[in-house]
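Residue numbers (the working numbering), protein chains in the order written: chain A, 1 to 407; chain B, 408 to 750.
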């Protein structure tokens, strides 16, 4: 069905169920209980899960399939955000034109950057994309201030034109983003027993877009085009000798992933209509690389997992402070409790990046396939006990490690 | 003419920092074949060596001076650094004043140790892995180092002054017959430039004129053959990693008075240093140095007002523009060798 195999259908269904039921799944603990701090089922965080999921899915089309490691993808996200906010400022508060424009602008931008950067490969490609992204970041901060509003960031004001909408609502405030009238921030609270589930319109819009984005990336992975991209990764030279020019393919992959990044940027601005230059900084590009690698580059579901994982733990870890730690370790003798809290302290709260860095190093060193590979290894352990002779189920879906273009 | 001269001078100190970091990066790349994204973090660690030493030197005890009172009428508490009480106020004061230059002595062993630990503990396992993996793991390491420093030293820049002797500026203009105060240049930046030329010269002389350096150069050219001749090349390469770490470290130490060290200074320099290395040509030491100075000077030219009037914002992007142009016209960089990082 839908032109995909049964196996992929299962994966797609899992993603759909996960995305649509996220308000339930991410809210397993009753409000007010001690574990409630591990809940992630509130709109803002769930939106970030899926938006960064889209970003990482797009990045994976480039990095996972072709092996070209771009360190400048945040630039497309930033460009997407800016164009979406401009659409809100000039046209109307409807998110559809804003998202479309952000995809188009990011796509054009990535054609430009990709055309130049893809003339080189390996580390040179990484540095070129990095240089372009830093250039856009610096320009957004300085000369382009009329367009980007510099350090303050681009925001909506009451004096914006909004030719198709209204500048000011009747109550005298800035209108909110909507999808043909459905306000993005409107949330339906469902209280069941001690639980409080929140269904947010904006989240569902993002989730549906992510499902579509996932489906498209799945089709790309399984298409002849995707196969060609894999060929670029495994041996570009051989491809050249067979008389195929890989450039158009890699450029197409680059532009597709740029459009995905622009889409993510546009959605980000639709959920919260402001855009700042820091979204384009190279650390932001690094973040999406981390997500993809952590989840498993080159796999379908990996980037989504990685994005969810990083954003979830970023949120949870940042909330833990010394008081919470003392509560956790209260069962220990006093002296020991203080020692344990002292040891754990640097890794939580503001020290989340430290944990992330260590985790990332461990993953790259011991588990190059990311979380997906980890899951497979565990699954294999269990399978071996039952039936030792079962070969790896789907060789195409779990690509073997292939040498890089750069080598 | 005077403006041009001034900009060249201004570019020299930033160029020296780029050149020193790029030199270390190239050393590591040329010997071990590893793309080290944590090199900027080493530069930052060096700067924090200076901070640590000046903190250690100013450790002090409090005494109560009965003769003076503070504004509330209580006896005044006077802080005396231990160093001053041991060596007397004059010598002690001088030691504290010279904390930054002294940190070099402190930083060299520390940085070499860090370099050894890094190479033996982590990088060693990545020789045979793809470059992308090397970039990623060292990127992770850079985050870890940076966050550790942030945890111990806080997020704010820590001012680390140069010795009093080097405060103030030197009037170059008078020397060349211009009016006073036209071309002035801070003493410490001059020291930094001289210092970096000495270090760069030292590294080159070490590689060129010692047996050890000869073996290392041979290893860079053909690692396998050198190994077959019965030379333990790995050990020497590990030492070169330590040396590269030390070069980055002391570059950081000396840079501390120019720019107060903060935890992300390494990352800021890293991106630019990578651009410098690529412009100079991967694996070429003279290329790295040349490109470092060239880009430093170009950057300071681009920040001249009349140039900014013609092309607004050029000062922010000049380095990247130059890098893009060079990479597209001379794919191997200015002085890149054939066969290094070719596809």
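No residue lacks a Cβ here, since even glycine has one placed at the ideal position from N, Cα and C.
C-beta atoms of residue i and residue j nearer than 8 Å
i, j, result
"residue 354 (chain A)", "residue 341 (chain A)", "no"
"residue 440 (chain B)", "residue 558 (chain B)", "no"
"residue 252 (chain A)", "residue 54 (chain A)", "no"
"residue 184 (chain A)", "residue 202 (chain A)", "yes"
"residue 140 (chain A)", "residue 277 (chain A)", "yes"
"residue 452 (chain B)", "residue 518 (chain B)", "yes"
"residue 661 (chain B)", "residue 616 (chain B)", "no"
"residue 418 (chain B)", "residue 706 (chain B)", "yes"
"residue 643 (chain B)", "residue 622 (chain B)", "yes"
"residue 77 (chain A)", "residue 231 (chain A)", "no"
"residue 510 (chain B)", "residue 460 (chain B)", "yes"
"residue 257 (chain A)", "residue 72 (chain A)", "no"
"residue 465 (chain B)", "residue 496 (chain B)", "no"
"residue 548 (chain B)", "residue 445 (chain B)", "yes"
"residue 405 (chain B)", "residue 541 (chain B)", "With chain B running from 408 to 750 in the structure shown, residue 405 (chain B) is simply not present."
"residue 678 (chain B)", "residue 195 (chain A)", "no"
"residue 5 (chain A)", "residue 262 (chain A)", "no"
Contacts that residue i makes with chain B (C-beta to C-beta distance below 8 Å)
i, result
"residue 288 (chain A)", "The contacting residues do not exist; residue 288 (chain A) stays about 13 Å from chain B at best."
"residue 143 (chain A)", "719, 720 and 723"
"residue 351 (chain A)", "554 and 558"
"residue 116 (chain A)", "731 and 735"
"residue 354 (chain A)", "550, 551, 554, 555 and 558"
Cβ neighbour criterion (16 or more within 10 Å) applied to residue i
i, result
"residue 223 (chain A)", "exposed"
"residue 702 (chain B)", "buried"
"residue 629 (chain B)", "exposed"
"residue 414 (chain B)", "buried"
"residue 471 (chain B)", "exposed"
"residue 241 (chain A)", "exposed"
"residue 406 (chain A)", "With a pLDDT of 49 at residue 406 (chain A), under the threshold of 50, the predicted position of this residue should be treated as unreliable, and no value is reported."
"residue 390 (chain A)", "At residue 390 (chain A), the pLDDT of 49 sits below 50, so the modelled position is not reliable and the matter cannot be decided from this model."
"residue 188 (chain A)", "exposed"
"residue 9 (chain A)", "exposed"
"residue 388 (chain A)", "Only weak support exists for where residue 388 (chain A) lies, its pLDDT of 49 falling under 50; the coordinates are left without a value."
"residue 169 (chain A)", "exposed"
"residue 522 (chain B)", "buried"
"residue 148 (chain A)", "buried"
"residue 740 (chain B)", "buried"
"residue 723 (chain B)", "buried"
"residue 192 (chain A)", "exposed"
"residue 455 (chain B)", "buried"
"residue 425 (chain B)", "buried"
"residue 612 (chain B)", "exposed"
Segment limits, beta strand (DSSP E) that includes residue i
i, result
"residue 576 (chain B)", "576 to 578"
"residue 486 (chain B)", "482 to 488"
"residue 192 (chain A)", "187 to 192"
"residue 42 (chain A)", "It is not in any beta strand (DSSP E) - residue 42 (chain A) carries neither H nor E in the DSSP assignment."
"residue 592 (chain B)", "591 to 593"
"residue 195 (chain A)", "195 to 200"
Within chain B, the residues that residue i reaches when beta carbons sit closer than 7 Å
i, result
"residue 365 (chain A)", "532 and 544"
"residue 300 (chain A)", "Ordered by position in chain B, no residue passes the 7 Å Cβ test against residue 300 (chain A), which lies about 20 Å from the chain."
"residue 139 (chain A)", "720, 723 and 724"
"residue 131 (chain A)", "682, 727, 730 and 731"
"residue 358 (chain A)", "551"
"residue 228 (chain A)", "Simply none; closest approach about 17 Å."
Per-residue contacts from residue i into chain A (C-beta, under 8 Å)
i, result
"residue 685 (chain B)", "123, 124 and 127"
"residue 569 (chain B)", "Neighbours of residue 569 (chain B) on chain A: none; closest Cβ ~29 Å, over 8 Å."
"residue 442 (chain B)", "123"
Contacts of residue i in chain A (Cβ-Cβ under 7 Å)
i, result
"residue 738 (chain B)", "120"
"residue 547 (chain B)", "357, 360, 361 and 364"
Contacts that residue i makes with chain B (C-beta to C-beta distance below 9 Å)
i, result
"residue 69 (chain A)", "538, 539, 542 and 543"
Span of the alpha helix (DSSP H), counted from its first residue to its last, around residue i
i, result
"residue 423 (chain B)", "409 to 439"
"residue 338 (chain A)", "334 to 344"
"residue 456 (chain B)", "446 to 464"
"residue 363 (chain A)", "352 to 366"
"residue 2 (chain A)", "It is not in any alpha helix (DSSP H) - residue 2 (chain A) carries neither H nor E in the DSSP assignment."
"residue 159 (chain A)", "Careful: residue 159 (chain A) lies outside any alpha helix (DSSP H) and carries neither H nor E."
Q: Go through the region 513 to 572 of chain B residue by residue and report every complete run of the alpha helix (DSSP H) that reaches 4 residues or more, in order.
A: Listed in chain order, the complete alpha helix (DSSP H) runs (minimum 4 residues) inside the region 513 to 572 of chain B are 538 to 560.
(Q) I'd like the ranges of any beta strand (DSSP E) spanning at least 3 consecutive residues and lying wholly in the region 691 to 737 of chain B. (A) You should have found no qualifying run.
Q: With a floor of 4 residues, list each alpha helix (DSSP H) that falls wholly inside the region 607 to 650 of chain B, ordered by position along the chain.
A: Qualifying alpha helix (DSSP H) stretches, in chain order: 618 to 628 and 630 to 635.
**Q.** Runs of alpha helix (DSSP H) lying entirely within the region 53 to 85 of chain A, each at least 4 residues, in chain order
**A.** Within the region 53 to 85 of chain A, no run of alpha helix (DSSP H) at least 4 residues long lies entirely inside it.
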